Amino acid sequence: MLTLYFAPGSSSMAVHIALHEIGLPFEARPLSFAKGETREPAFLAINPQGKVPTLLIDGRPLTETAAILYYLARRHPEAALWPDDDIEAQAQAVSWMSYIASTLHPARRLGLQHALEVYAGADQRLGEQPWVLSRYSIADIHLFRLFWRFSGSLHPPRGDLPQPVRPSRPDAGAPGGAKDPAGRSRPRL
Ligand SMILES: N[C@@H](CCC(=O)N[C@@H](CS)C(=O)NCC(=O)O)C(=O)O
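Per my numbering, residue 5 is the first one in the sequence shown, and the count goes up by one each step.
Okay, here's the thing in structure tokens:
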């Protein structure tokens, strides 16, 4: 039994996407930052850091987006969200998700100019690849959520948008855009 504590648009969105991509049933527990619900004793008893996402696996809490995505992908290999047979690709996925959590995630709070520089670095690292690895994975889900939030909350001028958030990017999830072997395309922004 899975229970997801989430707040719309926050880091928990990546886990929410993965649960839907895999097609897993889960109990959804929305929390409101505005109402201070992540600071309420009942939630702090589950996650003392008061952060979302928090996933309960049969009542046991798992925190950190990267760890939850990893758990879901490994638990459900049929969804092909993890490069099971390639240790170097696995290391690249860990590298990206560490970078996303430690560098991209905090950048948004430090203002538009700083965020633009940091996100441009991520864009450069991605290069012209449609996916973080050679095919779609949980690292793409993690990265998508950050670029989506960056675009929607800081409203960078259109000309300054890093590549992955430019709607005109030919592989940005449009029908006929880049697809993985299972036919999934990069999400449209
Ligand atoms: N490193 C954590 C960050 C989680 C995090 O900071 N979540 C934010 C929302 S994006 C949160 O719950 N903030 C609530 C608070 O700080 O009160 C992860 O990747 O899951």
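Positions of the beta carbon are idealized from the N, C-alpha and C atoms, including for glycine.
Quick caveat, the model's predicted, so the values are computed rather than measured.
So what's residue i in DSSP terms, helix, strand or just coil?
{"i": "Leu-8", "result": "strand"}
{"i": "Ile-50", "result": "coil"}
{"i": "Ala-38", "result": "coil"}
{"i": "Arg-64", "result": "strand"}
{"i": "Arg-112", "result": "helix"}
{"i": "Ala-105", "result": "helix"}
{"i": "Glu-31", "result": "strand"}
{"i": "Asp-127", "result": "helix"}
{"i": "Gln-94", "result": "helix"}
{"i": "Val-122", "result": "helix"}
{"i": "Arg-139", "result": "coil"}
{"i": "Gln-133", "result": "coil"}
{"i": "Ala-83", "result": "helix"}
With burial defined as no fewer than 16 other Cβ atoms inside 10 Å of the residue's Cβ, what is the status of residue i: buried or exposed?
{"i": "Ile-142", "result": "buried"}
{"i": "Asp-144", "result": "buried"}
{"i": "Leu-198", "result": "The question about residue 198 has no answer, for the chain in this structure spans 5 to 193."}
{"i": "Ala-32", "result": "exposed"}
{"i": "Glu-82", "result": "exposed"}
{"i": "Leu-23", "result": "buried"}
{"i": "Ala-126", "result": "buried"}
{"i": "Val-98", "result": "exposed"}
{"i": "Ser-36", "result": "exposed"}
{"i": "His-159", "result": "exposed"}
{"i": "His-118", "result": "exposed"}
{"i": "Ala-49", "result": "exposed"}
{"i": "Pro-57", "result": "buried"}
{"i": "Leu-114", "result": "exposed"}
{"i": "Ala-38", "result": "exposed"}
{"i": "Arg-64", "result": "exposed"}
{"i": "Ile-18", "result": "Here the sequence assigns Ala to residue 18, which means Ile is not the residue at that position. Result: buried."}
{"i": "Gly-13", "result": "exposed"}
Where DSSP assigns a beta bridge to residue i, which residues make up the other side?
{"i": "Pro-45", "result": "None, per the DSSP bridge assignment."}
{"i": "His-59", "result": "A small correction: the amino acid at residue 59 is Leu; His does not occupy that position in the sequence shown. DSSP output for Leu-59 lists Leu-8 and Leu-66 as bridge partner(s)."}
Counting along the chain, where does the alpha helix (DSSP H) carrying residue i start and finish?
{"i": "Glu-25", "result": "16-26"}
{"i": "Asp-144", "result": "142-158"}
{"i": "Leu-76", "result": "69-79"}
Flag residue i as yes if its beta-carbon sits less than 8 Å from any beta-carbon of chain B, otherwise no.
{"i": "Tyr-103", "result": "Among the protein chains of the structure shown there is no chain B, as only one such chain exists."}
Taking 7 Å as the cut-off, does the CB of residue i come closer than this to any heavy atom belonging to ligand 2?
{"i": "Ala-70", "result": "Ligand 2 is not part of the structure shown, which contains ligand 1 as its ligands."}
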